[in-house]
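*Asks:* The following block contains the structure, expressed as structure tokens.
In my numbering, the protein residues as written are 348 to 563.
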């Protein structure tokens, strides 16, 4: 199933092991969503309750979204018709992996960090997939499409909307730095980029932001 393969893709990029299978935590029942989320018509949301050893997690993904992804599997061919659904599903799996990995290491994770990491994951995983599907083509337009056309749900409270914009802005800076390295064909550059991605993933939120401010 696509969701499991997405989890394995992120695990490979960042060298993070999560013993739980995301498929066991997926629901398409909107009744699980908070009232404001049900009203928004969202296609994806990670639901987290409790903390510590009593952490409860569920990943809501809309049934129509999952059906579309089954019909046009992005891992087989990613294109303009399915990239939006790909990013939605990838964001949900990214949130799940980030929460599960941090919980396993007894670390809290903030909403800002979740959104920042998800935006980076969308860029890195999409870049990797596009290069695999079209080895001779460098996806120059990816950064602009992902970050240049970012829009926030106007129904969101101002503070939440500002948080999403902040996460996107920081992710855009970090991914621009990564893109510069990806343009270099040397295998050594690829190894350096992978090492940086894995180090970054393991940083705390404060250190992630400081790293971007300093290096990007």
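Glycine included, each C-beta is placed from N, C-alpha and C at the ideal position.
Tell me which residue opens and which closes the alpha helix (DSSP H) that residue 439 is part of.
*Replies:* Here residue 439 corresponds to residue number 92 of the chain shown, with the count starting at 1. It spans 430-451 - the alpha helix (DSSP H) in which residue 439 sits, taken as one unbroken run.
*Asks:* Please check the pair residue 364 and residue 358, which I expect to be a contact at CB under 8 Å, by giving their CB distance rounded to whole angstroms.
*Replies:* In the chain shown, the residue the question calls residue 364 occupies position 17. In the chain shown, the residue the question calls residue 358 occupies position 11. Going by Cβ atoms, the distance from residue 364 to residue 358 rounds to 6 Å, so yes, they are a contact pair.
*Asks:* Near residue 465, which residues of its chain fall below 7 Å by C-beta distance, leaving aside the five closest residues on each side in sequence?
*Replies:* Here residue 465 refers to the residue found at position 118 when the chain shown is read from its first residue. Within the same chain, residue 465 has close Cβ partners 438, 441 and 442.
*Asks:* Compare the beta carbon distance of residue 462 and residue 425 with 8 Å and say whether it is the shorter of the two.
*Replies:* Looking up residue 462 in the chain shown gives position 115. Looking up residue 425 in the chain shown gives position 78. Cβ distance not < 8 Å, so residue 462 and residue 425 don't count as in contact.
*Asks:* Pick out whichever of 370, 387 and 369 has its Cα sitting closest to the Cα of residue 377.
*Replies:* Residue 377 sits at position 30 when you count from the first residue of the chain shown. With distances taken between CA atoms, residue 377 lies nearest to 387 out of 370, 387 and 369.
*Asks:* Let's test the definition: count the other Cβ atoms within 10 Å of the Cβ of residue 460 and tell me whether it reaches 16, buried, or not, exposed.
*Replies:* Mapped onto the chain shown, residue 460 falls at position 113. By the 10 Å Cβ count, residue 460 comes out buried.
*Asks:* Taking only runs of the beta strand (DSSP E) that begin and end inside the segment 355-420, which ones reach a length of at least 3 residues, in chain order?
*Replies:* 391-396 and 403-408
*Asks:* Extract the residue ranges of the alpha helix (DSSP H) inside the segment 473-548, only unbroken runs of 4 or more that lie entirely within it.
*Replies:* The DSSP assignment places 505-529 and 534-548 as complete runs of the alpha helix (DSSP H) inside the segment 473-548, in order along the chain (cut-off: 4 residues).
*Asks:* Could you tell me the boundaries of the alpha helix (DSSP H) in which residue 563 lies?
*Replies:* Here the question's residue 563 lines up with position 216 in the chain shown. It is not in any alpha helix (DSSP H) - residue 563 carries neither H nor E in the DSSP assignment.
*Asks:* Between the beta-carbon of residue 406 and the beta-carbon of residue 393, is there less than 8 Å?
*Replies:* Working through the chain shown from its first residue, we reach residue 406 at position 59. Working through the chain shown from its first residue, we reach residue 393 at position 46. In this structure, residue 406 places its C-beta atom within 8 Å of the C-beta atom of residue 393.
*Asks:* Which residues in the same chain as residue 434 place their Cβ atom closer than 8 Å to its Cβ, once the five residues preceding and following it in sequence are excluded?
*Replies:* Against the chain shown, residue 434 aligns to sequence position 87. Once the five neighbours on either side are set aside, the close Cβ partners of residue 434 are 469, 473 and 493.
*Asks:* Going straight from the alpha carbon of residue 503 to that of residue 521, what length do you get?
*Replies:* Within the chain shown, residue 503 is the residue found at index 156, counting from 1. Within the chain shown, residue 521 is the residue found at index 174, counting from 1. Straight-line Cα distance between these residues: approximately 25 Å.
*Asks:* Determine the contact status of residue 432 and residue 412, defining contact as a CB-CB distance below 8 Å.
*Replies:* In the chain shown, the residue the question calls residue 432 occupies position 85. In the chain shown, the residue the question calls residue 412 occupies position 65. Their beta carbons are under 8 Å apart, which means residue 432 touches residue 412 by this criterion.
*Asks:* Taking all protein chains shown into account, decide if residue 354 is buried (16 or more other Cβ within 10 angstroms of its Cβ) or exposed.
*Replies:* In the chain shown, counting from the first residue as 1, residue 354 sits at position 7. With 16 or more other Cβ atoms from the protein chains shown falling within 10 Å of its own Cβ, residue 354 counts as buried.
*Asks:* So, for residue 471: in the same chain, excluding its five sequence neighbours on each side, which residues have a beta-carbon less than 8 Å away from its beta-carbon?
*Replies:* As a working mapping, residue 471 is identified with position 124 in the chain shown. If we look at residue 471 and ignore the five residues flanking it on each side, its Cβ neighbours are 360, 522, 525 and 544.
*Asks:* Could you work out which residue in 481, 467 and 372 is closest to residue 519 when comparing CA atoms only?
*Replies:* As a working mapping, residue 519 is identified with position 172 in the chain shown. Considering only alpha carbons, the answer is 467.
*Asks:* How is residue 471 classed by DSSP in three states: helix, strand or coil?
*Replies:* By one-based count along the chain shown, residue 471 stands at place 124. Looking at residue 471 - three-state DSSP - the assignment turns out to be helix.
*Asks:* Rounding to the nearest angstrom, what Cα-Cα distance links residue 495 and residue 430 in this structure?
*Replies:* Taking the chain shown and counting its residues from 1, one reaches residue 495 at position 148. Taking the chain shown and counting its residues from 1, one reaches residue 430 at position 83. A direct Cα-Cα distance of roughly 15 Å separates residue 495 from residue 430.
*Asks:* For residue 515, count the other beta carbons within 10 Å of its own beta carbon; 16 or more makes it buried, fewer makes it exposed. Which is it?
*Replies:* Here residue 515 refers to the residue found at position 168 of the chain shown. Residue 515 is buried by the Cβ-count criterion.
*Asks:* Does the separation of the CB atoms of residue 349 and residue 481 fall below 8 Å?
*Replies:* As a first step, residue 349 is located in the chain shown; it is residue number 2 there, counting from the start. As a first step, residue 481 is located in the chain shown; it is residue number 134 there, counting from the start. Not a contact, by the Cβ cut-off of 8 Å.
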